[in-house]
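A.B. asks: My questions all concern the structure below.
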């Protein structure tokens, strides 16, 4: 029987993007043609890992995945999926955001060659704090697991927050 995982991976990225080296960090997703506001750019999938075990996953695979509730993450099932479908780097001036538990959409029109970036404050409440490298004029300098609570961030980006965080707002 055909290996269905190779044909239909657990994650999907728009064919309008490609994985390339990022000036922000490591690899990222870049538009290879214009992406219109509202287009689905990514469908998150993989395996479900309890929050209590996410640090072990991160040690083995890397800091990837999307928190989908207080108790669970959905994470890439293999390192190859990360290499093939890419990751969203953080930016304090994001151009993609959540439209449900697993869909990521363009928050605005994205130009060819532009990196697809997400504000990690829109979905992660377990995140280890890190120094931001986005170079945005709106840069918060340090990104923390508490950023989703910032009233200005909720007002500006709240409609694109992960559903489980919207429920807490």
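Residue numbers (UniProt numbering): 1 to 169. We put the CB at the ideal spot given by N, CA and C, even for glycine.
1) Going by DSSP, what residue range makes up the alpha helix (DSSP H) through residue 114?
2) Which stretch, first to last residue, makes up the beta strand (DSSP E) that contains residue 21?
3) Given 8 Å as the limit, is there contact between the segment 135-148 and the segment 62-73, that is, 3 or more CB pairs closer than that?
4) Which of the three DSSP states is assigned to residue 73 in this structure?
5) Return the bridge partner residues of residue 67 from the DSSP annotation.
6) Is any non-hydrogen atom of the ligand FMN found closer than 6 Å to the C-beta of residue 20, if you look at the structure I gave you?
7) Could you tell me the distance, in whole angstroms, from the CA atom of residue 226 to the CA atom of residue 31?
8) For a quick check, are the C-beta atoms of residue 41 and residue 78 less than 7 Å apart?
9) With distances taken between CB atoms, is the gap from residue 163 to residue 119 smaller than 7 Å?
10) Taking only the alpha-carbon atoms, compute the straight-line gap between residue 166 and residue 158 and give it to the nearest angstrom.
11) Would you kindly report the start and end of the unbroken beta strand (DSSP E) that includes residue 98?
12) Can residue 140 and residue 43 be called in contact, C-beta distance under 7 Å?
13) For residue 13, which of helix, strand or coil comes out of DSSP?
14) Assign residue 49 to one of three DSSP states: helix, strand, or coil.
15) Inspect the CB distances between the segment 46-62 and the segment 129-139 and report whether three or more fall short of 8 Å.
C.D. replies: Here's the rundown:
1) No alpha helix (DSSP H) contains residue 114, which DSSP labels as neither H nor E.
2) 17-21
3) no
4) strand
5) 73
6) The ligand FMN is not part of this structure, which contains no ligands at all.
7) Outside the displayed range of the chain (1 to 169) lies residue 226, so it cannot be described from this structure.
8) no
9) no
10) 7 Å
11) 96-98
12) no
13) strand
14) strand
15) no
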